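Be aware that the sequence shown starts at 11, since it is given in my numbering, and climbs by one per residue.
Glycine is no exception: its CB is placed at the ideal position from the N, C-alpha and C atoms.
Here the structure is a predicted model, which is why all the values come from computation and not from measurement.
Down below is the structure, laid out as structure tokens.
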Amino acid sequence: MPKVEDKKAKEKIIDAAIDLFYFQGFKGTSVRQIAEKANVNLALISYHFGGKRGLLEQLMVRFYEGYFQSIHREAEREDSALSAHEDLIQAVRSAFSYLFEDYQMTRFIYRELTMDSMLVREVMTLYLSQEKYYYMSLLEHAIDRTKNQITDLEIVVLQLLNMLYMPFLQPQVIREVYYIEPHGEEFKQRYLTQIENWIINNL
11 MPKVEDKKAK EKIIDAAIDL FYFQGFKGTS VRQIAEKANV NLALISYHFG GKRGLLEQLM
71 VRFYEGYFQS IHREAEREDS ALSAHEDLIQ AVRSAFSYLF EDYQMTRFIY RELTMDSMLV
131 REVMTLYLSQ EKYYYMSLLE HAIDRTKNQI TDLEIVVLQL LNMLYMPFLQ PQVIREVYYI
191 EPHGEEFKQR YLTQIENWII NNL
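Below you can see the structure in the form of structure tokens.
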């Protein structure tokens, strides 16, 4: 199979898997369903990913590698004119925009992280710990520059990350209880504004 066609088949499998995992869950989706939706030979899933679990692993790696590239780009700008709050706000804005960009993928990943599995534990060790320390470092920097007294930095990080995660974990609550479309640009801007206000008022 030519390399270009090979790459196209791989991307078709990934796109099909994200869509099916989103609507049916990982356990509720079969390899055959993925192959049929992607319109590829069933054997190609094993060839490219080593099976359904390997496909999930690659999706998680792709998601988190992209996530960290996104937030680290802000950190590398080294704009000394920004205040401590603005440094943190820029990172949060970049993270939220990345998460919002592929809503289905983000929602699926966060939903999968609520399950107890060996893969999820590996993700926690590799990526979620990295995320924790990244935001702790940003918060420590902000606190040091503003001289605020925060005694429990880990809980503050949890609060911040929970605000980032919530729209992707509970979109049905946002839609059915608050009558706001959680996929829309208007919601994204309203939500980001309130996170920014929380940072300014609490840190």
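Cβ atoms of residue 192 and residue 184 come within 8 angstroms of each other, at about 4 angstroms. Put simply, the backbone Cα of residue 52 is about 34 angstroms away from that of residue 175. When DSSP states are grouped into helix, strand and coil, residue 142 belongs to the helix group. Comparing C-alpha distances from residue 69 to each of 27, 208, 45 and 201 shows the shortest one belongs to 27.
In the structure shown, residue 41 adopts helical secondary structure according to DSSP, grouped into three states.
For the 8 angstroms CB-CB criterion, residue 108 and residue 178 do not form a contact. Taking all protein chains in view, the Cβ of residue 165 is surrounded by fewer than 16 other Cβ atoms within 10 Å, so the residue is classified as exposed. Going by beta carbons, residue 209 and residue 99 fall inside the 8 angstroms limit. By the neighbour-count criterion, in which 16 or more other beta carbons inside 10 Å mark a residue as buried, residue 33 falls on the exposed side. Around residue 25, the same chain offers 48 as residues with beta carbons nearer than 8 angstroms, after the five sequence neighbours per side are excluded. Its Cα nearest to that of residue 77, the residue 106 stands out among 58, 106 and 19. Going by beta carbons, residue 213 and residue 163 fall outside the 8 angstroms limit. Taken in chain order, the whole alpha helix (DSSP H) runs of length 4 or more contained in the region 146 to 188 are 163 to 179 and 181 to 186. Classified as buried, residue 97 has 16 or more neighbouring CB atoms from the shown chains inside 10 Å of its CB. By the Cβ neighbour-count rule, residue 115 is buried, with 16 or more other Cβ atoms within 10 Å of its own. Straight-line measurement puts the Cα of residue 172 at about 20 angstroms from the Cα of residue 194. Secondary structure at residue 51: coil, using DSSP grouped into helix, strand and coil. Straight across, the Cα-Cα distance linking residue 95 with residue 189 is about 31 angstroms. Taking 4 residues as the shortest admissible run, the region 59 to 123 contains the following complete alpha helix (DSSP H) segments, listed from N- to C-terminal end: 62 to 85, 94 to 111 and 113 to 122. With contacts defined as CB atoms closer than 8 angstroms, residue 20 and residue 58 qualify as a contacting pair.
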